[in-house]
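Taking it in order: structure first as structure tokens, then the write-up.
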Amino acid sequence: MTDLPDSLVSFIEKEAVADRSLAVVNRTRPRPIQDMLEELFAEQSVEIREFDVPGTEEDMVLLLNGEGEVIASSPLRELEEELLLVNSDLYVTGAKGLDDVSLPAVLEGLSETPFRVRGYPAAHSEKLPLIAMSRYIERLAWEHGSGRLRSSFQRLSRLDDERGTREVYRQLGATDVDVHVYGVPDWLPPESFSGIVHAGYTGEFRTSWFVVHHTDEADTAGAALVAERVDDGAWEAVWTFRQERVRAVNRYIERTL
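Numbering (the UniProt record's numbering), first residue to last: 1 to 257.
Pasting the structure below:
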């Protein structure tokens, strides 16, 4: 991806959609867990299936391509702990901090897969994959301790209102990460905030949700989540670990916001 798109939405729409499905294998966990997984992905292009395969491990989730080949696998328990049995309050309040964040391999494997999710009250949990991915990318930046992190909050006051978010960016400020935050300036950080504020009242300052960690080091992988709010409070989103795309997203934000 070399040409600079004309909007963040272009990053979501530009790629062809790969055929992906999730298969729960040899489930012994209660049926409601399966129901929750199916509900979480009900509005997505990712089909949820269930198989019994003799002689293989119990309670595994496999990410399959269109030919039925296994791309990634995760214990079902990991999806419970990171998505199915949690809610966004754990992130907002800080009960789930950076040290606690991990990403199931099957969720990482859904990179380049467009999502369309609804927020509350239309849906209670559809946004959780985006929330989990956002915090995971923040953790990547924190662990690496350098590079650039660009994060959009729609309203900058979320940096103050959400205790968990406030603590994450305090921790990031103690590193050498070059932190940039974006949003409507309904609140401005104090002088002690060790980041650069980009504020605006219109367009993508108000409607975008992105978290991008980019570094120039060849041996360090970056990551990007890009989402745009569309009709009825829904979000269209995609995440990527492909370095040329991460660089392109970083470059677009740097030049336009």
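Note that beta-carbon positions come from the ideal geometry of N, C-alpha and C, so glycine has one too.
Own chain partners of residue i with C-beta closer than 7 Å, once the 5 adjacent residues on each side are dropped
{"i": "LEU79", "result": "LEU37, VAL61 and PRO104"}
{"i": "ASP59", "result": "ASN26, ARG27, THR28, ARG29, PRO75, LEU76 and ARG77"}
{"i": "GLN171", "result": "LEU98 and TRP142"}
{"i": "SER134", "result": "VAL211 and LEU225"}
{"i": "ARG206", "result": "GLN154 and VAL184"}
When the options are compared against residue i, the one with the closest alpha-carbon
{"i": "VAL246", "options": "PRO129, GLY222 and GLU236", "result": "GLY222"}
{"i": "ASP166", "options": "LEU188, GLU43 and LEU63", "result": "It is Arg, not Asp, that sits at residue 166 in the sequence shown. Among LEU188, GLU43 and LEU63, the Cα nearest to that of ARG166 belongs to LEU188."}
{"i": "LYS96", "options": "VAL238, ARG163 and LEU257", "result": "ARG163"}
{"i": "SER152", "options": "VAL249, ILE71, HIS124 and LEU85", "result": "VAL249"}
{"i": "HIS198", "options": "ARG155, ARG31, SER125 and MET133", "result": "ARG155"}
{"i": "SER146", "options": "GLY233, ALA237, ARG31 and GLY195", "result": "GLY195"}
{"i": "GLU112", "options": "GLU204, ASP161 and THR240", "result": "THR240"}
{"i": "GLU83", "options": "ALA42, LEU130 and GLU57", "result": "Note on residue identity: the sequence assigns Leu, not Glu, to residue 83. With distances taken between Cα atoms, LEU83 lies closest to LEU130."}
{"i": "LEU85", "options": "PRO32, TYR201, ASP216 and THR256", "result": "PRO32"}
{"i": "THR256", "options": "GLU81, GLY203, SER125 and LEU107", "result": "GLY203"}
Neighbourhood of residue i by C-beta distance below 8 Å, restricted to the same chain and skipping five residues each side
{"i": "TYR252", "result": "LEU4, PRO5, LEU8 and PHE11"}
{"i": "VAL46", "result": "ARG20, SER21, LEU22, LEU110 and THR113"}
{"i": "ASN65", "result": "ALA18, ASP19, ARG20 and ILE71"}
Residue i in three-state terms, based on DSSP
{"i": "HIS213", "result": "strand"}
{"i": "GLN44", "result": "coil"}
{"i": "ASP89", "result": "helix"}
{"i": "GLY233", "result": "helix"}
{"i": "VAL246", "result": "helix"}
{"i": "ALA18", "result": "coil"}
{"i": "LEU76", "result": "helix"}
{"i": "TYR136", "result": "helix"}
{"i": "VAL226", "result": "strand"}
{"i": "GLU67", "result": "coil"}
{"i": "residue 259", "result": "There is simply no residue 259 to check, as the chain begins at 1 and stops at 257 in what is shown."}
{"i": "ASP178", "result": "strand"}
{"i": "PHE115", "result": "strand"}
{"i": "ALA105", "result": "helix"}
{"i": "PHE205", "result": "helix"}
{"i": "ASP6", "result": "coil"}
{"i": "residue 260", "result": "Residue coverage of the chain in this structure runs from 1 to 257, which leaves residue 260 outside it and unanswerable."}
{"i": "GLY94", "result": "coil"}
{"i": "LEU149", "result": "strand"}
Chain-order list of residues whose beta-carbon lies under 6 Å from that of residue i (same chain, five-residue window excluded)
{"i": "MET1", "result": "Because the pLDDT of MET1 is 43, which lies under 50, any placement of that residue in the model is unreliable, and the number read from its coordinates should be weighed accordingly. Cβ within range, chain order: GLU244, ARG245 and ALA248."}
{"i": "GLU236", "result": "ILE12, ARG116, GLU228 and VAL230"}
{"i": "ASP186", "result": "ARG155 and SER157"}
{"i": "ARG150", "result": "HIS180, VAL212 and ILE253"}
{"i": "VAL41", "result": "A small correction: the amino acid at residue 41 is Phe; Val does not occupy that position in the sequence shown. Closer than 6 Å at Cβ, skipping near neighbours: ILE48."}
{"i": "ASP160", "result": "TRP187"}
Residue i: CB within 7 Å of a non-hydrogen atom of the ligand COA
{"i": "GLY109", "result": "As for the ligand COA, it is missing from this structure, which has no ligand bound."}
Inter-stretch contact (C-beta, 8 Å, three-pair minimum) for the stretch 112-132 and the stretch 62-78: no
Segment contact, 8 Å Cβ cut-off, at least three pairs: the stretch 84-93 with the stretch 51-58: no
Touching by the beta-carbon criterion (3+ pairs, under 8 Å), the stretch 178-197 and the stretch 140-154: yes
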